[in-house]
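Below you'll find the structure, written out as structure tokens, and then a few comments.
Residue numbers (my numbering): -14 to 357.
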């Protein structure tokens, strides 16, 4: 039995409406209501009766669960499947699957700063014979065949700094940014260039693949604003610029995960912007990043994605989700280039379904076009 045989046929009436809603911010044609992107990953598998490990070990099953959950919760009609460490295996890292986590590194492979010089960026042909690129090509082939109405090919740069840091160990990398700055810069750029080659390889097969890239490890809990610019924002610019030049894009999702209380300013004038760009920031200090600030800083450049705190998604009190979603919607719903309601990072695997309903209910109550 194929995974597609475990799910009912797609609700194409829902899909058609959801697709128009998804396109609204990018074509300036408001439809239905503000869209909701709860960044569902392994919760999709859990909600369908499978495990977190199933989601990552069986990508086709995982992405079919995402399609089913997206319709069930009335979210974006886009199938995404990813983990936080794409492309590191091609640079020598070994990954292992865990029961309750995405694939994780078995340990760093670089001991000294000088070892960075021995890291070689694999070209597109090499990536095509490795692990990550064939995995995504096969996965999108499955979606194209079985869930074509949800297909948006996506290439993941994801956390350029955090993934690069896995090569030497996160603690060592943070120390190197103080004591071995050139080695730290070179390491992040080599990982970034590997991800660029991967995006080009995916675009060769599927055309203008969407780009998702973020700043996760590089945030104000760890780095100064200047360091976030040097290690993260500058490389995010390089990633998108090079991907555009090689046929990937032009849709971009910038995900600023963690605390970006002050460093959000460095992204505004550093990143590349296309008419199909979404900017998302998780937190300002310990609080969810305010949509009012996101709108005031970025509405002229991108669609703004406001957040509900992911901690609330596992709190058995749906009114908290509803109230925070309402506040964020009222602050951001009239952003010039459109607005999306989301969660501050991935929806937790054991998110309470009632809280998901509270999230979309708030979008219906306070994000309906023509009512403000």
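Beta carbons are placed, not taken as given, at the ideal position from N, Cα and C, and that holds for glycine. This one's a predicted model, so the numbers in the text were calculated from it and none came from an experiment.
Of all alpha-carbon atoms in 212, 251 and 257, the one lying nearest the alpha-carbon of residue 230 is that of 257. Considering only 205, 84 and 211, the residue with the shortest C-alpha distance to residue 266 is 205.
Cα atoms of residue -8 and residue 34: separation of roughly 12 Å, rounded to the nearest angstrom. A contact between stretches requires three or more CB pairs, one per stretch, nearer than 8 Å, and the stretch 308 to 318 meets this requirement with the stretch 269 to 277. Rounded to whole angstroms, the Cβ separation of residue 75 and residue 112 is 6 Å, and the two are in contact under 8 Å.
By the neighbour-count criterion, in which a residue is buried when 16 or more other Cβ atoms sit within 10 angstroms of its Cβ, residue 179 is buried.
Excluding its 5 nearest sequence neighbours in each direction, residue 218 has C-beta neighbours in its own chain below 6 Å: 251, 252 and 255, listed in chain order. In the structure shown, the three-state DSSP call for residue 276 is helix. Comparing C-alpha distances from residue 346 to each of 0, -6, 20 and 13 shows the shortest one belongs to 20. The Cβ atoms of residue 279 and residue 317 sit closer than 9 Å to each other.
At a Cβ-Cβ threshold of 9 Å, residue 289 and residue 269 do not count as neighbours.
Per DSSP, reduced to three states, the secondary structure at residue 252 is helical. By the neighbour-count definition (other C-beta atoms within 10 Å, threshold 16), residue 309 is a buried residue.
For residue 224, the uninterrupted alpha helix (DSSP H) segment begins and ends at 219 to 230. Contact between the stretch 38 to 53 and the stretch 8 to 22 is absent, with fewer than three C-beta pairs closer than 8 Å. Positions of the alpha helix (DSSP H) runs, each at least 4 residues long and wholly inside the stretch 290 to 345, are given as 303 to 317 in order along the chain. For residue 241, same chain residues with a beta-carbon under 6 Å away, outside a window of 5 residues either side, are 200 and 266 in chain order. Positions of the beta strand (DSSP E) runs, each at least 3 residues long and wholly inside the stretch 98 to 128, cannot be given because no such run exists. Here DSSP, grouped into helix, strand and coil, assigns residue 244 to strand. For residue 28, the enclosing alpha helix (DSSP H) starts and ends at 27 to 32.
Using a Cβ distance threshold of 9 Å, residue 52 and residue -5 count as a contacting pair. Sequence-distant Cβ neighbours of residue 121 in its own chain, meaning closer than 7 Å and more than five residues away, are 187. With a threshold of 16 other beta carbon atoms within 10 Å, residue 185 meets it and is buried. Assignment of residue -3 by DSSP, reduced to helix, strand and coil, places it in the helix class. The C-beta separation of residue 196 from residue 142 comes to about 7 Å, placing the pair in contact by the 8 Å criterion.
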